[in-house]
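Read the structure below first, then the notes.
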Amino acid sequence: MDKTQLTFNDFQDLAQGCTTVPVYKRILADLLTPVAAWVHLSKKAEYAFLLESVEKGNQYSRYSYVGINPQKILMHKDGQTTITENGKSIDVDTPFIDLLRETQSQYNMAKLPGIPSFTGGLVGYLGYETIAWVEDIPTHDDSAMDVPDSVFMLFEDMITFDHLKGSALVISNVKVDSKHDLKEQFEAAHDRVDAIGESLHSDVDYQTPVRVEQSKVSSNFDHDAFESAVLKAKEHIVDGDIFQLVLSQRFERQTSVEPTTLYRALRTINPSPYMFHLKIKDFDIIGASPELLVKVEDGTVEIRPIAGTRQRGETEAEDEMLANDLINDEKECAEHLMLLDLGRNDVGRVSEYGSIT
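Going by the numbering used here, the first residue of the sequence shown is number 628, and it counts up by one from there.
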């Protein structure tokens, strides 16, 4: 069924066994990039996301994703969970994790051959402090960061870029129910797909500032306080309280630079297979990661931790030398084994006994 677009007959067949069916149209994307699509679509949107795969500076992983205007927003802030839908917000008492599960269970997505497994759904983040939702761990109030503990946005319309084929899928998901006529739902989704596709061909009105103003960088740690925290962490490790600790340090800097400009700069100096830009009305989250934290697909959980890094070489020979140095580094190998053990323990809590390999 890897066609240029989904037909109504295909849509009808898929609707018999699934609650959500992606209506799509494949377009040529040799002159269109995920960043260009992001600029086109997110400029006037309050909520949007860009998930981009960039490796080795000039090579891409296979898929990148852009989504705008979510149909539902789930937010937890200051101990309160809020659901926003159709411009109206309500507070609920449902635990946030249960709310995520409940929302996810309502979307039995149709799987289409030749189509990426992710065609829409929840996109968002869980803040560090949300560990207290599943573990008996004390949290620390950080009034300096006035952002929600977690936000997830339910996207039904999005664009998926296939870098291997040089094409893109414009997707509009239809939630099938007996209250609506299938033909009308299909045609409405098809119209949305066409409208999104046409908007991508308008001129991009985006200019990168020639000069970025300089401002002071501040940290939530001074040198002595950071060293003291490291020594305290070592004591906890020796006492057996913890296996590992990631001592975070936050740097802040005032800027008037547009978030998209910051993202473009980041992808230039630190191209990574997992890059992201979340636009969440009053703030943006931008980042890049070299590793897959956790993935669940068809009932299988996958983790792929990375331990130890080296700077990239300027030639393949230098890269190979640095790679060999990593492989033969006793400390790096020990850390890698520790991360695998920790990951195995975490996955074991939700997996069938004896299934972890």
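C-beta atoms are modelled at their ideal positions from N, C-alpha and C, and glycine is treated no differently.
Quick caveat: nothing in here was measured; it's all calculated off a predicted structure.
**Study point:** Three-state secondary structure (DSSP) of I983
**Key:** coil
Review point. For A961, does the count of other Cβ atoms within 10 angstroms reach 16, so buried, or fall short, so exposed?
Key: exposed
Point to revise | G684 versus R939 - alpha carbon distance | key: Here G684 scores only 43 on pLDDT, less than 50, and its place in the model should not be relied on; the value that follows carries that caveat. The straight-line gap from Cα to Cα measures roughly 11 Å.
Point to revise | Backbone CA spacing between S982 and R931 [nearest angstrom] | key: 16 Å
Review point. Taking the runs of the alpha helix (DSSP H) that are 4 residues or longer, which of them lie wholly in the region 834-891?
Key: 850-865
Practice item. From the DSSP output, in three-state form, read off K699 for me. Key: strand
Practice item. Please say whether S899 and V681 have beta carbons closer to each other than 8 Å? Key: yes
Review point. Per DSSP, what kind of secondary structure is S744 in: helix, strand or coil?
Key: coil
Review point. Of the residues A892, G706 and R877, which one's Cα is nearest the Cα of M884?
Key: Per the sequence shown, the amino acid found at residue 884 is Val instead of Met. Closest by alpha carbon: A892.
Practice item. Report all residues from its chain with a CB closer than 6 Å to the CB of T781; omit the five preceding and five following residues, and keep chain order. Key: Looking at the sequence shown, residue 781 is not Thr but Leu. Hits under 6 Å: P697, Q698, K699 and L749.
**Study point:** DSSP-derived helix/strand/coil call for L739
**Key:** coil
Point to revise | Own chain, CB closer than 6 Å to Q686, minus 5 neighbours either side, in chain order | key: The predicted position of Q686 is uncertain, since its pLDDT is 49 and thus under 50; no value can be drawn from it.
Check your understanding: Under the three-state reduction of DSSP, which class applies to H963: helix, strand or coil?
Key -> helix
Practice item. To the nearest angstrom, report how far apart A594 and Y755 are at their CA atoms. Key: The first residue shown for the chain is 628 and the last is 984, placing residue 594 beyond what the model contains.
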